[in-house]
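Novice:
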Amino acid sequence: MSEHIRIGLVSISDRASEGTYEDQGIPALKDWLGKALSSPWTAEARLIPDDRATIERTLVDLVDVAGCNLILTTGGTGPAPRDVTPEATLGIGDKEMPGFGEEMRRISLNFVPTAILSRQVAVIRGKSLIINLPGQPKSIRETLEGVRDVEGAVRHVGIFAAVPYCIDLIGGPYIETDEAVIKAFRPKHAIRPRQA
Ligand SMILES: Nc1ncnc2c1ncn2[C@@H]1O[C@H](COP(=O)(O)OP(=O)(O)OP(=O)(O)O)[C@@H](O)[C@H]1O
Ligand SMILES: Nc1nc2c(c(=O)[nH]1)N[C@H]1C(S)=C(S)[C@@H](COP(=O)(O)O)O[C@H]1N2
Numbered sequence: 001m002s003e004h005i006r007i008g009l010v011s012i013s014d015r016a017s018e019g020t021y022e023d024q025g026i027p028a029l030k031d032w033l034g035k036a037l038s039s040p041w042t043a044e045a046r047l048i049p050d051d052r053a054t055i056e057r058t059l060v061d062l063v064d065v066a067g068c069n070l071i072l073t074t075g076g077t078g079p080a081p082r083d084v085t086p087e088a089t090l091g092i093g094d095k096e097m098p099g100f101g102e103e104m105r106r107i108s109l110n111f112v113p114t115a116i117l118s119r120q121v122a123v124i125r126g127k128s129l130i131i132n133l134p135g136q137p138k139s140i141r142e143t144l145e146g147v148r149d150v151e152g153a154v155r156h157v158g159i160f161a162a163v164p165y166c167i168d169l170i171g172g173p174y175i176e177t178d179e180a181v182i183k184a185f186r187p188k189h190a191i192r193p194r195q196a
């Protein structure tokens with residue numbers, strides 16, 4: 001039986017937050033999660049500038065006050081002086097989860113050679129998993145869902161496949177996905193029967 005999850009969506013962009021261009025990060029995150037999750041969820045969305053203290057405060061608030069068990073950030077992972085999302089994320093995390101960043105860079109190399117410029121990290125804070133995604137709005141689907149061939153068959157599994165079981169392991173809610181979008185992997189003993 002699935003359970004409700006509160007998900008923090010954080011778009012980190014100087015220009016989108018000051019209105020120079022329209023934010024596409026939050027809409028892209030909501031759109032993908034709307035297709036991928038088959039269990040109930042609600043979003044806590046924040047659009048903020050590339051400022052380390054603001055990023056840290058926002059992440060802490062989403063975990064400790066709003067009660068999010070998953071947070072996805074987008075933006076600020078590159079090498080430019082204002083890109084500080086990984087530093088802020090590591091700064092408030094209890095435990096680093098290096099596999100997410102490593103796998104995202106591998107997936108993203110299927111799309112752009114500059115994927116190696118992206119410094120994304122993931123951490124656990126309390127009962128929340130926090131994952132950095134790149135800033136390009138199209139990279140949100142690419143990293144979460146993975147790589148498909150022209151027939152639509154999965155060639156490189158997206159990182160979201162490992163997210164539901166990670167949330168189980170840290171004591172968060174049991175969430176389920178639409179397997180046509182992303183098949184969540186859990187070991188047999190951890191799979192609960194689906195409700196009719
Ligand atoms: N929230 C957003 N909405 C739309 N496009 C974005 C957004 N964030 C980033 N992008 C696009 O992705 C590119 C790379 O993202 P990155 O996080 O490095 O942004 P940036 O170049 O530091 O600029 P800014 O922080 O002002 O968005 C940006 O240059 C922009 O073209
Ligand atoms: N999947 C995917 N990853 C991607 C990209 C992309 O288009 N798709 N853009 C890259 C580019 S151009 C940069 S500079 C780095 C930096 O991350 P940022 O966009 O958060 O600054 O992410 C990279 N990762």
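Just so you know, we're using the UniProt record's numbering here: the sequence shown kicks off at 1 and counts up by one.
Quick reminder that beta carbons are idealized off the backbone N, C-alpha and C, glycines included.
Please read all numbers here as calculations on a predicted model, not as lab measurements.
Runs of 3 residues minimum, wholly inside the UniProt domain "MoaB/Mog" (8-154): which ones carry the beta strand (DSSP E) assignment?
Specialist: Whole beta strand (DSSP E) segments, 3+ residues: 41-48, 70-74, 122-125, 128-133, 146-148.
Novice: Would a C-beta distance cut-off of 8 angstroms place I5 and P173 closer than the cut-off?
Specialist: The answer is yes: Cβ separation under 8 angstroms.
Novice: Indicate whether P86 and Q120 have their beta-carbon atoms separated by less than 8 angstroms.
Specialist: Cβ distance < 8 angstroms, so P86 and Q120 count as in contact.
Novice: Taking Cβ to Cβ, would you say L47 is nearer than 8 angstroms to S2?
Specialist: The answer is no: Cβ separation not under 8 angstroms.
Novice: In chain order, what residues of the same chain lie with their CB nearer than 8 angstroms to the CB of P49, ignoring the 5 residues before and after it?
Specialist: I12, S13, D14, S17, E18.
Novice: Quick one: grab the DSSP three-state call for I170.
Specialist: I170: coil per DSSP, three-state reduction.
Novice: May I have the straight-line CA-CA distance separating L33 from E145, to the nearest angstrom?
Specialist: If I take the Cα positions, the gap works out to 10 angstroms.
Novice: So G78 and L29 are supposed to be a Cβ contact under 8 angstroms. How far apart are they, rounded?
Specialist: So it is not a contact: roughly 19 angstroms between Cβ atoms.
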